[in-house]
Structures are given as C-alpha cells and as structure tokens.
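Going by numbering that gives the first Met the number 0, the sequence shown opens with residue 0, and the numbers climb by one from there. Glycine included, each C-beta is placed from N, C-alpha and C at the ideal position. Below is one structure, written out as structure tokens; the observations come after it.
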Amino acid sequence: MLTNEISEKSMRVLSWLIEWVFERHVLILGGSLDIDYAVADGSLASGAKFTISSSSPTKVNTAVSCLKSDYPSQSDTIAGFPADLSNPETVEDDLDALFKKAESSHVASRHLPKSNTSSIAITSGSVTKKPAKGWTLMSFYGGGLSTLAKALAVDLAPIKANVTELWTEEQKASTAQVVAKSTLTGIPAKGEDIAEAYLWLMKDNNVTGAVAETDSDGLLA
0 MLTNEISEKS
10 MRVLSWLIEW
20 VFERHVLILG
30 GSLDIDYAVA
40 DGSLASGAKF
50 TISSSSPTKV
60 NTAVSCLKSD
70 YPSQSDTIAG
80 FPADLSNPET
90 VEDDLDALFK
100 KAESSHVASR
110 HLPKSNTSSI
120 AITSGSVTKK
130 PAKGWTLMSF
140 YGGGLSTLAK
150 ALAVDLAPIK
160 ANVTELWTEE
170 QKASTAQVVA
180 KSTLTGIPAK
190 GEDIAEAYLW
200 LMKDNNVTGA
210 VAETDSDGLL
220 A
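Put into structure tokens, the structure is as follows:
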C-alpha cells in the first residue's frame, strides 16, 4: 500500500495543460514523465510549442533533452523550467514567474484568451470512484479536483476546464500485477494511451466541465 505522502505528491496539481493546437502553446506542470512525454509528442506533432515544468530539475532536463532529440526541427519551440508550486503563500507569484519564462505574461486563470480553444486540464485519480482502504484523504482530495473542474468551467467560460481520472504512476508501478488481474483490459494503460484523453480534451472545443476516465475499466471489473 502506498503512503499518503507519496500519493499526495503525485496528485498535487499533477497536470495542468494550457493549449492551443496548431502554432499554439502547451504547458504541463508536474506529472508523470511518460504521460507528459506522450502528450508532448501529440502536441508537437500538431505543430504546437511545448513547455514542461516540474519541481524536479532532473525530470525537466530529461524530458526536454528527449523531446529535442526526437523533434530536432522544432527544438527551438521546446523548453523546460524547474518550479516548486507547493507553497500556497507564494504559488501565485511562482506561477506568474513561470508563465513569463514560458512566454505567457500572466497567470492562466486570469489571462488565458477568452475562447473555447483555451483549455485547462486537471489530473485526478480513479480512487475517487473506487476508494481503496487507507486512501480516504486521497479520495477526498481527488473528488475535490473533479468538482473544481466543473466550477472552473462555469467561472472561466468560454475557457474549457476538465479533469482526467487515471491510475497514478506509483500505483501502476507498485501494483502492476494486481491491476492486470482486476481490470477488463488485463493491463495497466501506457502513457501514450492516457495521453489521448488529454489531447481529446484539448482539441474538442465542445467539451468542458467533464470527467474523462482512463483507468483500464477498473471500475467495472
């Protein structure tokens, strides 16, 4: 069983994606390297600029290096910046500084273009629908993120806000065999599978306030 400390770290603002496909800008904050990379792959293939940020400089440098190697002709549109957004007293200033580095001069929630082509995607976990023993805090937290997305969709309209529920990387790594036996698909999802949910939420200008589930059908098994 994972500790709440590990789970909380992976769930904390796991992935906020701000995007405009085709010569637009995708920004990922935090998250899992293989999911981030798959989202980046789909975004760059569509011609978007891409920026990744994490509290781990190593994770940022690794992602940027791999992406530039895979997309040499677009290397000047790929960037990464370390940023620790865990302090609630400084998070707005820290976000503002990050957005300036990423060539977005204001915090997203205040100054994203007022259009349904602007998108905020939040990551939660399937534990909100199927709680596990000892995960009360995480279930509460994840359920709050789902409600947050709906509230943001109303407050920020026409900007889109959605949430994706999935297995965390720590869950997948530590319980791969359990997942394989307890899901209809028989295997935990790959990063490129999960990335499709984010790319759909970003590209579909008609979806907002939604919860996209990509959990190997674990709720039905």
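- For N60, the three-state secondary structure derived from DSSP is helix.
- Comparing alpha-carbon positions, the option among Y197, D214, E164 lying closest to A188 turns out to be D214.
- Beta bridge pairing from DSSP links K159 with S118.
- The straight-line gap separating the alpha-carbon atoms of K48 and A131 is approximately 38 angstroms.
- Burial is judged here by how many other beta carbons sit within 10 angstroms of a residue's own beta carbon; A150 has fewer than 16 and is exposed.
- In the structure shown, G141 adopts helical secondary structure according to DSSP, grouped into three states.
- For L200, the enclosing alpha helix (DSSP H) has its first and last residue at 190-202.
- In this structure, Q73 sits near L43, with a CB-CB distance shorter than 7 angstroms.
- Counting C-beta pairs closer than 8 angstroms gives fewer than three between the region 115-135 and the region 91-103, which falls short of the contact rule.
- Contact annotation: G190 and I77 have beta-carbon atoms that are not nearer than 7 angstroms.
- Judged by DSSP secondary structure, L97 falls outside any beta strand (DSSP E) and instead within the alpha helix (DSSP H) spanning 90-100.
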